[in-house]
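Notes to accompany the following structure.
Protein chains: 2
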Amino acid sequence: MADELKVMGTLRRRALDAARLLLEESGAEGVQLRAIAARVGSGVATLYHHFDDKDALLAALAIEGWGELARKIEEAMASDRFAHRIDGASTAFLGFIRRHPQLYALMQTEQALAANREVRAAEQQAFASFQTAFRGDERVPPERVEEISLVIWVLGRGIASAVLMQAEPGAADELVRRVISGFGFLLSPRFAG
Amino acid sequence: MADELKVMGTLRRRALDAARLLLEESGAEGVQLRAIAARVGSGVATLYHHFDDKDALLAALAIEGWGELARKIEEAMASDRFAHRIDGASTAFLGFIRRHPQLYALMQTEQALAANREVRAAEQQAFASFQTAFRGDERVPPERVEEISLVIWVLGRGIASAVLMQAEPGAADELVRRVISGFGFLLSPRFAG
DNA sequence: AACCCTTGTCGAACCATGTTCGGAAGGTCT
DNA sequence: AGACCTTCCGAACATGGTTCGACAAGGGTT
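Listed in order, the protein sequences are those of chains X and P. Take the first sequence: its position 110, counting from 1, is numbered 110 in this note's numbering, and each next residue is one higher. Take the second sequence: its position 87, counting from 1, is numbered 1087 in this note's numbering, and each next residue is one higher.
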């Protein structure tokens, strides 16, 4: 509320940044057009010259989020910190959820975005990146790649939604730990389904 | 809008029924106090004598939902249609999600309810019922019961949120099928994690 | 009966937030 | 200069949650 530097950077860009900040500060509730306009130092009506409506703004935010997630996944797979690409991709995925819970919730649970084709395409893109981690892994038969990566992807959605329900942040970490531990056990040969 | 039978049944009960109906007809967007009041044939202000506010109404809806789910799980476990109690509980869980996607979404993703202690307790209760399906199963070591049931529970959340994102209903069924198939494969001894 | 207190009800207003309207300021093209 | 486009804005509008003040019905209490 003090900075308001109107100089440089398209207003669209700055509005998205402000929205992202508001989202992380105060959750989805906090993302209000008047609040964004105040941060950016513009009038509310101005925002409508850069976005069709609020949903379009949220959609742009979500699309950027999926892109960011895809990039993180690819970086992790490229790095040599992990024994398997699957581990890298999964770690990047979970890390993103833990680091940006509000953003991921928006990307994932906002009903209004479900109908948006571009958002869906962006998620498909991210999922495609994730899938490549499973393709070529000797433990995964090629015809199962899609199914198996889908399971982990969906489990990630579940973890995110469970995490958001937790009131205290510590509980969230513990929850994630337990889910991963349990999942690991299910995958181990000890468990004969 | 034609019935409006004011006779019998506390208004609270009828308001909840109307809300539930609105939820299933038109999604969370459709659950509006004025719409509920119209259905029930009362003024809007009257609703405030039965619920603290809208969130309290939604919370009551969610609590009933969790109770319903717990009941379904227990019925399925008691029946003899399933080889293992785990199968019964899981089927009941998934069936509930598929049959009441909007309600489950409310129970699970509505941010406002995350802070509500009674809603959380109701979910804990339902989860506890679910957990008993794993307790005593010869394939699950006792010390792993909690973790493993948690994984399935969280996976269910993920399935629900993924299903809600699907535009066409057919795609949702296909998605659920693929996730379950993939999960089944991961559990099979063929996959050595 | 007269009095009060609680409960349920309501229309009207209040308020926050997304949205639209009409116009102003500045640039570019002809 | 004139026409036109983009960017911008204050003000008003629409919707939906919420509060206010009042009215009616029932049940004690005196």
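Glycine residues also receive a C-beta, built at the ideal position from the N, C-alpha and C atoms.
Beta-carbon spacing of residue i, residue j below 7 Å
| i | j | result |
| --- | --- | --- |
| V1119(P) | A1160(P) | no |
| L22(X) | A37(X) | no |
| L103(X) | G1158(P) | no |
| A1112(P) | D1055(P) | yes |
| G95(X) | M77(X) | no |
| Q1125(P) | A1060(P) | no |
Neighbourhood of residue i by C-beta, 7 Å cutoff - its chain only, sequence neighbours within 5 removed
| i | result |
| --- | --- |
| R99(X) | none |
| F127(X) | W153 |
| K6(X) | Unreliable positioning characterises K6(X) in this predicted model, as indicated by a pLDDT of 37, which lies under 50. The coordinate reading is nonetheless provided below. Answer for K6(X): G41, listed in chain order. |
| A1162(P) | L1175 |
| I1086(P) | A1133, F1134, D1137 |
| H1050(P) | L1011, R1012, A1015 |
| N1116(P) | A1059 |
Per-residue contacts from residue i into chain X (C-beta, under 9 Å)
| i | result |
| --- | --- |
| M1077(P) | By Cβ distance, chain X contributes nothing, its closest Cβ being about 19 Å from M1077(P), past 9 Å. |
As assigned by DSSP and simplified to three states, the class of residue i
| i | result |
| --- | --- |
| V179(X) | helix |
| S161(X) | helix |
| G170(X) | helix |
| G41(X) | coil |
| V1104(P) | Strictly speaking, residue 1104(P) in this sequence is Tyr, with Val absent from that position. Three-state DSSP puts Y1104(P) in a helix. |
| R135(X) | coil |
| E1110(P) | coil |
| D55(X) | helix |
| A1140(P) | As written in the sequence, residue 1140(P) is Val, which differs from the Ala given in the question. Coil. |
| D125(X) | As written in the sequence, residue 125(X) is Gln, which differs from the Asp given in the question. DSSP places Q125(X) in helix when its eight states are reduced to three. |
| R1081(P) | coil |
| T10(X) | coil |
| S188(X) | coil |
| A1002(P) | For A1002(P), the predicted structure reports a pLDDT of 31, less than 50, and the residue's modelled location is therefore unreliable. The matter cannot be settled from this model. |
| V1031(P) | coil |
| M70(X) | In the sequence as displayed, the identity of residue 70(X) is Ala instead of Met. Looking at A70(X) - three-state DSSP - the assignment turns out to be helix. |
| A92(X) | helix |
| A1018(P) | helix |
| A1076(P) | helix |
| A1060(P) | helix |
| G193(X) | Note on G193(X): pLDDT 48, under 50, position unreliable in the model; the coordinate value appears next. Correct three-state label for G193(X): coil. |
Contacts that residue i makes with chain X (C-beta to C-beta distance below 7 Å)
| i | result |
| --- | --- |
| R1178(P) | E147, L150 |
| L1154(P) | According to the sequence provided, residue 1154(P) is Val. The question's Leu does not apply to it. Those are L155, G158, I159, A162, V179, listed as they occur along chain X. |
| T1109(P) | T109, S161 |
| P1101(P) | Residues of chain X passing the Cβ test: none, with the nearest at roughly 11 Å. |
Any non-hydrogen atom of the ligand SAH closer than 6 Å to residue i Cβ
| i | result |
| --- | --- |
| E64(X) | For the ligand SAH, the structure offers nothing, since it holds no ligand at all. |
Proximity to residue i [Cα-Cα], best of the options
| i | options | result |
| --- | --- | --- |
| F226(X) | A115(X), A114(X), E147(X), R117(X) | In the structure displayed, chain X extends from 1 to 193; residue 226(X) sits before or after that span and is not available. |
| I73(X) | F185(X), Q102(X), A92(X), E110(X) | A92(X) |
| R12(X) | G88(X), Y104(X), L69(X), V40(X) | V40(X) |
| A105(X) | A78(X), L58(X), V44(X) | L58(X) |
| S1042(P) | F1185(P), E1138(P), A1015(P), A1115(P) | A1015(P) |
| G65(X) | D53(X), P101(X), S90(X) | P101(X) |
| L150(X) | R1020(P), I1097(P), F1185(P) | F1185(P) |
| G1182(P) | L164(X), M107(X), P141(X), A121(X) | P141(X) |
| R1144(P) | A60(X), F82(X), V179(X) | V179(X) |
| P189(X) | G170(X), A18(X), R139(X), R177(X) | R139(X) |
| L1164(P) | A1121(P), R1177(P), I1097(P) | I1097(P) |
| R1020(P) | N1116(P), M1107(P), H1084(P) | M1107(P) |
Nonlocal neighbours in the same chain, by C-beta distance under 6 Å from residue i, ignoring five residues either side
| i | result |
| --- | --- |
| G1067(P) | none |
| G193(X) | In this prediction, G193(X) scores a pLDDT of 48, lower than 50, which makes its location untrustworthy; the coordinate-derived value is nonetheless stated afterwards. The answer is none, since no qualifying residue turns up. |
| G1027(P) | Q1102 |
| E24(X) | Q102 |
| D17(X) | none |
| D3(X) | Annotation note: pLDDT 35 at D3(X) (below 50); position unreliable, no value reported. |
8 Å CB neighbourhood of residue i in its chain, flanking five on each side removed
| i | result |
| --- | --- |
| Q1032(P) | L1022 |
| Q1166(P) | A1172, L1175 |
| V266(X) | Here chain X comprises residues numbered 1 to 193, so residue 266(X) is not present and cannot be evaluated. |
| E1110(P) | A1028, L1058, A1062 |
| L187(X) | none |
| A83(X) | none |
| G30(X) | L22, L23 |
Neighbouring residues, chain P, relative to residue i (Cβ below 9 Å)
| i | result |
| --- | --- |
| R135(X) | Per Cβ cutoff of 9 Å: no residues; R135(X) is ~14 Å from chain P at best. |
| A28(X) | Q1111 |
| F93(X) | Near F93(X) there are no residues of chain P at all, since even the closest Cβ is about 12 Å away, more than 9 Å. |
| L106(X) | Per Cβ cutoff of 9 Å: no residues; L106(X) is ~11 Å from chain P at best. |
| A115(X) | A1167 |
Contact list for residue i against chain P, beta-carbon separation under 8 Å
| i | result |
| --- | --- |
| P169(X) | Here the premise fails: no neighbours, minimum Cβ distance about 13 Å. |
| A70(X) | None at all; the shortest Cβ gap to chain P is about 17 Å. |
| G43(X) | The contacting residues do not exist; G43(X) stays about 28 Å from chain P at best. |
Chain-ordered neighbours of residue i on chain X, where CB pairs are closer than 8 Å
| i | result |
| --- | --- |
| F1185(P) | R144, E147, I148 |
| A1172(P) | Residues of chain X passing the Cβ test: none, with the nearest at roughly 11 Å. |
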